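Okay, structure first, notes after.
Protein chains in written order, with the numbering used here: chain A, 146 to 329; chain B, 7 to 157.
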């Protein structure tokens with residue numbers, strides 16, 4: 146049942162992506178991106194990952210607002226749309242076929258849908274599931290892993306976000322770079 | 007940019023507190039229920055952005071200016087680093103070990119439990135909310151034709 150719902154949502158997301166690529170109006174394309182993010186959030190919820198679903202829908206909302214506000218009102222240079230000729234379509238289909246042939250052996254290596262692949266007792270994830278609550282005191286195992294067992298990774302993610310903020314501020318500052326050239 | 011109409015301003019004023027409250031709830035209960043510092047921080051940043059959109063940048067700068075949001079972002083990053091360095095206070099423990107959990111005994115399933123995990127969640131929430139808000143403010147207020155210093 147869940148598989149059917151996920152399949153339908155994936156079809157919805159693929160149709161939305163085609164609309165995003167083909168839409169002439171930039172605002173409609175951005176709003177369509179929001180629909181795709183919503184579908185992905187519902188998929189996370191169906192796969193019982195509410196942490197991911199909350200983050201997905203919140204980040205989708207914030208990125209939608211940033212995209213509308215920071216891009217729509219700007220004068221975006223119109224790039225002349227290239228007419229896709231017959232030969233270019235043939236080349237594209239050839240590349241798609243080549244890609245499919247090369248990637249086909251990987252499909253047989255994928256695990257069965259819903260199969261727990263880390264179920265062996267020797268793996269570290271079963272240790273997290275069994276001892277996570279007693280060792281960290283946090284009933285939410287996701288938080289226990291992210292902020293205790295793997296807290297070093299979380300520090301790296303925080304540094305990534307910090308670097309992106311610094312990049313935005315240093316690129317978009319107003320100071321005259323030739324005259325003062327110092328910190329902003 | 008002077009903001010939007012009276013209807014938008016009134017509704018934004020009403021629901022601002024609820025959105026911030028929900029974000030703080032998700033941050034504070036991150037170790038008990040789904041959510042955590044990142045998700046709650048993004049929701050708090052959403053409320054800041056809503057106020058900025060509704061009331062314009064001058065009114066928003068009175069509540070949380072560009073400079074202050076960037077400063078709070080840095081304080082959040084420093085707080086995460088400090089909580090990680092707490093692991094070195096006890097001998098033979100690695101970076102980011104849960105010292106408070108081993109020093110004190112907590113009742114499980116309470117809001118004051120799990121040692122330093124709620125503190126790290128709070129620091130991440132502060133960092134993410136102010137960081138995303140400052141990214142939004144710097145991206146949306148940038149005007150390429152202006153090159154003078156902006157106060």
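All C-beta atoms, glycine included, are put in the ideal place defined by N, C-alpha and C. Please read all numbers here as calculations on a predicted model, not as lab measurements.
- Look at residue 28 of chain B: its C-beta is not under 7 Å from any C-beta on chain A.
- Along the segment 190–205 of chain A, the positions whose C-beta sits under 7 Å from a C-beta of chain B are 195, 196, 199, 200, 203, 204, read in chain order.
- Going by beta carbons, residue 117 of chain B and residue 203 of chain A fall outside the 7 Å limit.
- For chain A, the residues of the segment 62–79 of chain B that bring a beta carbon within less than 7 Å of one of its beta carbons are 76, 79, in chain order.
- Judged by DSSP secondary structure, residue 228 of chain A falls outside any alpha helix (DSSP H); it is assigned neither H nor E.
- Residue 273 of chain A carries a helical assignment under DSSP once its states are collapsed to helix, strand and coil.
- Closer than 7 Å to the CB of residue 296 of chain A there is at least one CB belonging to chain B.
- Annotation for residue 291 of chain A: no alpha helix (DSSP H) segment contains it, and DSSP assigns it neither H nor E.
- A Cβ-Cβ contact shorter than 7 Å links residue 119 of chain B with residue 282 of chain A.
- The C-beta separation of residue 134 of chain B from residue 24 of chain B comes to about 19 Å, leaving the pair out of contact by the 8 Å criterion.
- Residue-level contact check: residue 307 of chain A touches chain B, since one or more beta carbons of chain B fall below 7 Å from its beta carbon.
- Taking a Cβ-Cβ cut-off of 7 Å, the neighbours of residue 317 of chain A in chain B comprise 144, 145, 148, given in sequence order.
- For residue 151 of chain A, there are no C-beta contacts with chain B under 9 Å, since the nearest C-beta of that chain is about 19 Å from it.
- A direct Cα-Cα distance of roughly 42 Å separates residue 269 of chain A from residue 145 of chain B.
- The beta carbons of residue 60 of chain B and residue 10 of chain B sit closer together than 7 Å.
- Non-local C-beta neighbours of residue 82 of chain B in its own chain, meaning closer than 6 Å and more than five positions away in sequence, comprise 129, 132, 133, ordered along the chain.
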